[in-house]
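Residue numbers (the working numbering), protein chains in the order written: chain S, 1221 to 1454; chain Z, 1221 to 1454; chain H, 1221 to 1454; chain A, 1221 to 1454.
Number of protein chains: 4
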Amino acid sequence: MDREIADLQTKLEDAFAAATALYRERGFQRRIGFGRKPALINVDLANAWTRPGYPFTCEGIDDRIIPATRKLIDACRENGHPVVYTTVCYQNPDPDDPRTDMGLWHYKIPIEIADQKNEDIWAIDSRIAPIDGEQVMIKKRASAFHGTYLAGYLRAAGVDTILVTGVTASACVRATVTDGLAEGFRPIAVREAIGDRIPGATEWNLFDIDAKFGDVEPVDACVAYLNSVNFRND
Amino acid sequence: MDREIADLQTKLEDAFAAATALYRERGFQRRIGFGRKPALINVDLANAWTRPGYPFTCEGIDDRIIPATRKLIDACRENGHPVVYTTVCYQNPDPDDPRTDMGLWHYKIPIEIADQKNEDIWAIDSRIAPIDGEQVMIKKRASAFHGTYLAGYLRAAGVDTILVTGVTASACVRATVTDGLAEGFRPIAVREAIGDRIPGATEWNLFDIDAKFGDVEPVDACVAYLNSVNFRND
Amino acid sequence: MDREIADLQTKLEDAFAAATALYRERGFQRRIGFGRKPALINVDLANAWTRPGYPFTCEGIDDRIIPATRKLIDACRENGHPVVYTTVCYQNPDPDDPRTDMGLWHYKIPIEIADQKNEDIWAIDSRIAPIDGEQVMIKKRASAFHGTYLAGYLRAAGVDTILVTGVTASACVRATVTDGLAEGFRPIAVREAIGDRIPGATEWNLFDIDAKFGDVEPVDACVAYLNSVNFRND
Amino acid sequence: MDREIADLQTKLEDAFAAATALYRERGFQRRIGFGRKPALINVDLANAWTRPGYPFTCEGIDDRIIPATRKLIDACRENGHPVVYTTVCYQNPDPDDPRTDMGLWHYKIPIEIADQKNEDIWAIDSRIAPIDGEQVMIKKRASAFHGTYLAGYLRAAGVDTILVTGVTASACVRATVTDGLAEGFRPIAVREAIGDRIPGATEWNLFDIDAKFGDVEPVDACVAYLNSVNFRND
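Here you go:
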């Protein structure tokens, strides 16, 4: 299995290199850059995604995503940048009840486990727990912007740049980046802080994001940026 | 004071009659009618609006709005129609913190009292308390659709008609009706179940609504309608 | 008729004075103020609303709304502030065709006249015609934000304040102000540049707006503000 | 090159098979199914994407995407189902003008070529040209839902299912499917009618879509479905 994954990665990297040649020639893969007022959006780093044993459990959480996200959170708190956490849960997770707030998503994925009454499921991972003054947004769909007050919140706060972390690359992170650009913000996907649960999905989604919707940047560059701007002094 | 209010009402009714003549001649004030699948949207019938002593406290709650809303809720429950309640509260109601989720609204009205930690403030009035399976949506702005999952929720449930109750006519109810039409639903404003806190505001807002955005209907007609369609059998 | 209108105005002013006392006591009617980067949003100042003989024709256009709007447009152009015009028209204005883009609005008002093929109907009034580089947004509903790219446009441009003009106070202007605040912008309703077609509607809608959603300001104060900030130098 | 592409496809298929095993075990990749009222959404099948020589030109247009889309359009017209086309263009495509309606997207991709004044660029491909009564929606961002009236349009028309075609799989098609589910519609991605411009991107994006957001179905099954429901008779 490990060898197969390594093999897939190699093959994908070859494909990305060929695609990059075409994209560069045609004017894609430009840099959007960091703006002047950042916020950090941590997407679905909640127990059902970050802890073992759930249908949503992802790879790379303990050794890579949580440590990288902590660095970003620390830098935000030190500099007064807004930190937003999203999670997913439902008041009515009964798939047979037409009044369910799952919409139609349970027809595709097992979201019926995310019962609002079971807070363990959807609570933000305690290793990166929110503190007083930070926002936890319960969303019902993939994008952190969809059906939430995130866009208006960020604009009212004068934010122009969103650093995005979390899971999964192939669903909620990607949808958040796509919508973030559409809503008028500069999306930065933090490479080490983003993951998925199937081999290859993080790679191909970050590739698409970097080509068209936001810059994929290493966590250290992002931390340096967060330390270089001071939100309070504006 | 009472005489002044009565006098204003008379004057407004005269103005509405004159405006109605112009509107009818020009093709406004048409009927949108009841559709085939209703949902009930109870806007901000939470303690800070329905109980005495708050900046948001409204008029006509006990004798008119709560009884009318109860009739509608009962009819919905009997027939399996979705019931949605909205309320307003903030995770960070500090007006001096740029990270507040009040956006810019506290620059206009005293929403800083709606602290999420103080559930008494924003809990739905116990006389019309939600039951299991019904939705309570926390919103940050006036419209029940803005920054919430309401539109997607209703569409996924096959709803085509929204009966709107609550307070205030001049803010959240009106914005909900306006957005409801825009999102593709037939809005029905239930006359007896809608109120405000200043004289005239309920009248002039219901007049504008009925002229352009939705039908203003008496509660008994709405109850009869709710009893005439059965959501479950679709 | 004129005497009746004057009489209604007096009565409304009395009502507004009484309401203002209550609002002030309770903390409403605060000032949101001008921000640092404005844009001008001219709502539906198109022929079917500004020229005689249409169902949508409004009052006060020639002597008040057009001159005030011109002053604002001139100040924006001199200082590089974005100017946005909205209008309304439909690709399929057949009320009997379920594929119409009128949605359900033709069930309330005579929007079937706004045929996209008849550009005279929906073209921006030539007295305030847009110039190259300015935006004309075709909308389908009341709010300039609903079903348009306005919010993302303004955020990407770094705008934090919207000056709103146009018609009608009781529909598109009011919905635009309400949504503008919700989306994170400071709405300023320019008193002389806003109108309606029925007596009283401008007054009661501006009263509600000023109490809860944005500041109503005279055109001269707005022009002075536009001249005091320079968009290009940011 | 062809051999490298074939090699990548094989490798991706292996990866998808492994991922499918995990997804099935965990309850992903469910079927959302066809609903009762479909609409067809043709995403960006406009000249700059479908004809040779543009930065946006895609692969597989002539032999696969256009013929498949024609079949779907014909079936829709025969049965009265709404057909929507999207395209992209800008009133102010000057990247140095802060008033541009490109938002921030030109910082990532070469959208500055899509000048609204040059209709050849953004006109729908004549081989699948819209006819009277069908909608052409100009969008500014990736998703057909973002900054457009599509969601309200579909809801007002009673649509519950969207068949999605067009380009590119890695941007506008995927964003449209993701938003479509979020807005309450059943998304069906029509396999033969979707493409991209880099090897692998169609495959990995359709894989992600089918796992989480909508069903990927062959064109013939979609045509059979379109013929099995009659929109007019509702």
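Even for Gly, the Cβ is constructed at its ideal location relative to N, Cα and C. Here the structure is a predicted model, which is why all the values come from computation and not from measurement.
Next on the checklist: If distances are taken between C-alpha atoms only, which option among H:G1247, H:D1428, H:Q1229, H:K1328 comes closest to Z:I1408?
Outcome noted: Stepping through the second sequence from its first residue, residue 1408 of chain Z is reached at position 188. Here the closest residue by C-alpha is H:K1328.
Checklist entry - What are the start and end residues of the beta strand (DSSP E) that includes H:L1260? => result In the third sequence, the residue the question calls residue 1260 of chain H occupies position 40. Run containing H:L1260: 1258 to 1263, per the beta strand (DSSP E) assignment.
Next on the checklist: Quick check on H:K1360: does DSSP put it in helix, strand or coil?
Outcome noted: Working through the third sequence from its first residue, we reach residue 1360 of chain H at position 140. DSSP places H:K1360 in coil when its eight states are reduced to three.
Next on the checklist: Just verifying my parser: in three-state terms, what is the DSSP assignment at Z:I1408?
Outcome noted: In the second sequence, counting from the first residue as 1, residue 1408 of chain Z sits at position 188. In the three-state DSSP reduction, Z:I1408 falls in the strand class (E or B).
Next on the checklist: Which same chain residues end up closer than 8 angstroms to S:Y1243 when comparing Cβ atoms and leaving out the 5 residues on each side of it in sequence?
Outcome noted: On the first sequence, position 23 is the one that residue 1243 of chain S refers to. Correct list, in chain order: Q1249, A1431.
Checklist entry - Taking DSSP as the reference, what is the three-state secondary structure of Z:L1383? => result As a position in the second sequence, residue 1383 of chain Z is number 163, starting the count at 1. The three-state reading of DSSP puts Z:L1383 in strand, counting E and B together.
Checklist entry - So S:R1406 and A:A1402 are in contact, right, with Cβ under 8 angstroms, and what is the actual spacing, rounded? => result If you number the first sequence from 1, residue 1406 of chain S lands on position 186. If you number the fourth sequence from 1, residue 1402 of chain A lands on position 182. Their Cβ separation, rounded to whole angstroms, is 23 angstroms, which puts S:R1406 and A:A1402 out of contact at 8 angstroms.
Next on the checklist: Buried or exposed for H:N1267, going by 16 or more other Cβ atoms inside 10 Å?
Outcome noted: Taking the first residue of the third sequence as position 1, residue 1267 of chain H is located at position 47. Looking at its Cβ environment, which holds 16 or more other Cβ atoms inside 10 Å, H:N1267 is buried.
Checklist entry - Using the C-alpha atoms, what's the distance from A:L1426 back to A:R1411? => result One-based indexing of the fourth sequence puts residue 1411 of chain A at position 191. One-based indexing of the fourth sequence puts residue 1426 of chain A at position 206. In a straight line, the C-alpha of A:R1411 is about 8 angstroms away from that of A:L1426.
Checklist entry - Got a sec: which bits of the segment 1387 to 1408 of chain H sit with their beta carbon under 8 angstroms from any beta carbon on chain S, in order along the chain? => result Cβ contacts with chain S: A1402, E1403, G1404, F1405.
Checklist entry - Can you list, in chain order, the residues of its chain whose CB lies under 6 angstroms from that of H:T1368, leaving out five sequence neighbours each side? => result Looking up residue 1368 of chain H in the third sequence gives position 148. Hits under 6 angstroms: M1357, K1359.
Next on the checklist: Between H:L1426 and chain A, is any beta-carbon pair separated by less than 8 angstroms?
Outcome noted: What you label residue 1426 of chain H is simply residue 206 of the third sequence in a count that begins at 1. Chain A, which has no Cβ nearer than 8 angstroms to the Cβ of H:L1426, makes this no.
Next on the checklist: Just to check my reading of the structure: S:K1257 and S:V1379 have Cβ atoms closer than 8 angstroms, yes? What is that Cβ distance to the nearest angstrom?
Outcome noted: The residue you call residue 1257 of chain S lines up with position 37 of the first sequence. The residue you call residue 1379 of chain S lines up with position 159 of the first sequence. Sure, about 5 angstroms apart at Cβ, within 8 angstroms.
Checklist entry - Closest by CA to H:W1269, which one among H:S1346, H:V1387, H:V1436, H:D1316? => result Mapped onto the third sequence, residue 1269 of chain H falls at position 49. For H:W1269, the nearest C-alpha among the options comes from H:V1387.
Item to check | Complete beta strand (DSSP E) runs within the segment 1265 to 1335 of chain Z (minimum length 3 residues, chain order) | outcome: Qualifying beta strand (DSSP E) stretches, in chain order: 1303 to 1308.
Next on the checklist: In this structure, how does DSSP classify A:E1354 when only helix, strand and coil are distinguished?
Outcome noted: Position 134 of the fourth sequence, counted from the first residue, corresponds to residue 1354 of chain A. Note: A:E1354 maps to coil in three-state DSSP.
Checklist entry - What residues in the segment 1288 to 1300 of chain A bring their beta carbon closer than 8 angstroms to a beta carbon of chain Z? => result Going along the segment 1288 to 1300 of chain A in chain order, one finds no residue with a Cβ nearer than 8 angstroms to chain Z.
Checklist entry - Taking the C-alpha atoms as reference points, what is the distance between H:D1282 and H:A1413? => result For the purposes of this step, residue 1282 of chain H is identified with residue 62 of the third sequence, where counting begins at 1. For the purposes of this step, residue 1413 of chain H is identified with residue 193 of the third sequence, where counting begins at 1. Approximately 11 angstroms between the Cα atoms of the pair.
Checklist entry - Of all the residues that make up the segment 1331 to 1344 of chain S, which are near chain D by a beta-carbon distance shorter than 7 angstroms? => result Absent here is chain D; the protein component of the structure consists of chains S, Z, H and A.
Item to check | Per-residue DSSP class, three states only, for Z:A1376 | outcome: Against the second sequence, residue 1376 of chain Z aligns to sequence position 156. DSSP places Z:A1376 in helix when its eight states are reduced to three.
Next on the checklist: Among the candidates A:D1234, A:F1276, A:I1261, whose CA atom is the shortest distance from the CA of A:I1418?
Outcome noted: Position 198 of the fourth sequence, counted from the first residue, corresponds to residue 1418 of chain A. With distances taken between Cα atoms, A:I1418 lies closest to A:F1276.
Item to check | Cβ neighbour criterion (16 or more within 10 Å) applied to S:S1346 | outcome: Reading the first sequence from its first residue, position 126 is the one you call residue 1346 of chain S. Around the C-beta of S:S1346, fewer than 16 other C-beta atoms lie within 10 Å, and the residue is accordingly described as exposed.
Item to check | Inter-residue spacing [alpha-carbon to alpha-carbon] between Z:W1424 and Z:L1232 | outcome: As a first step, residue 1424 of chain Z is located in the second sequence; it is residue number 204 there, counting from the start. As a first step, residue 1232 of chain Z is located in the second sequence; it is residue number 12 there, counting from the start. Those two C-alpha atoms are separated by around 8 angstroms.
Checklist entry - Who does H:G1415 pair with in a DSSP beta bridge? => result The residue given as residue 1415 of chain H occupies position 195 in the third sequence. Answer by DSSP bridge pairing, in chain order: H:V1387.
Item to check | Enclosing alpha helix (DSSP H) for S:E1224 [first to last residue] | outcome: Numbered from 1 along the first sequence, position 4 holds the residue referred to as residue 1224 of chain S. First-last of the alpha helix (DSSP H) with S:E1224: 1222 to 1246.
Next on the checklist: Please confirm whether H:A1259 has its beta-carbon closer than 8 angstroms to some beta-carbon of chain S.
Outcome noted: Residue 1259 of chain H sits at position 39 when you count from the first residue of the third sequence. It does not; no Cβ of chain S falls within 8 angstroms.
Next on the checklist: Quick check on DSSP: helix, strand or coil for A:I1341?
Outcome noted: Here the question's residue 1341 of chain A lines up with position 121 in the fourth sequence. DSSP places A:I1341 in helix when its eight states are reduced to three.
Checklist entry - DSSP state of H:V1436, grouped into three classes? => result Locating residue 1436 of chain H in the third sequence gives position 216, counting from the first residue. H:V1436 falls in the strand class under three-state DSSP.
Checklist entry - What does A:L1228 reach in chain S if we use C-beta pairs closer than 9 angstroms? => result For the purposes of this step, residue 1228 of chain A is taken as the residue at position 8 of the fourth sequence. In chain order: K1231, L1232, D1234, A1235, A1238.
Next on the checklist: Just to confirm my understanding: we take Z:I1286, look at its own chain, exclude 5 residues before and 5 after, and list those with CB closer than 8 angstroms. What are they?
Outcome noted: For this step, residue 1286 of chain Z is matched to residue 66 along the second sequence. Answer for Z:I1286: L1265, T1270, D1345, R1347, I1348, listed in chain order.
Checklist entry - If you compare alpha carbons, which of A:T1396, A:S1448, A:V1263 is closest to A:F1433? => result Against the fourth sequence, residue 1433 of chain A aligns to sequence position 213. The residue with the shortest Cα to Cα distance from A:F1433 is A:T1396.
Item to check | Spatially closest choice to H:I1351 from H:D1317, H:Y1445, H:D1294, by CA coordinates | outcome: Taking the first residue of the third sequence as position 1, residue 1351 of chain H is located at position 131. If we check each option's Cα against that of H:I1351, H:D1294 comes out closest.
Checklist entry - What does A:A1371 touch in chain Z if you count any residue whose Cβ is under 9 angstroms from its own? => result Your numbering for residue 1371 of chain A matches position 151 in the fourth sequence. By Cβ distance, chain Z contributes A1371, G1372, R1375, E1403, G1404.
Item to check | Assigned exposure category for A:D1454 - 16 Cβ within 10 Å defines buried | outcome: Taking the fourth sequence and counting its residues from 1, the one referred to as residue 1454 of chain A is at position 234. Because A:D1454 carries a pLDDT of 49, less than 50, the predicted location of this residue cannot be relied on, and the following value inherits that uncertainty. In summary, A:D1454 is exposed, with fewer than 16 beta-carbon neighbours lying within 10 Å of its beta-carbon over all protein chains present.
Checklist entry - Between the segment 1313 to 1327 of chain Z and chain H, which residues of the former have a C-beta closer than 9 angstroms to a C-beta of the latter? => result Residues passing the 9 angstroms Cβ filter: G1323, L1324, W1325, H1326, Y1327.
Item to check | Proximal residues to H:G1323 (C-beta, below 8 angstroms), its chain only, five neighbours per side dropped | outcome: Within the third sequence, numbered from 1, the residue matching residue 1323 of chain H stands at position 103. Excluding sequence neighbours, H:G1323 sits near K1360, R1361.
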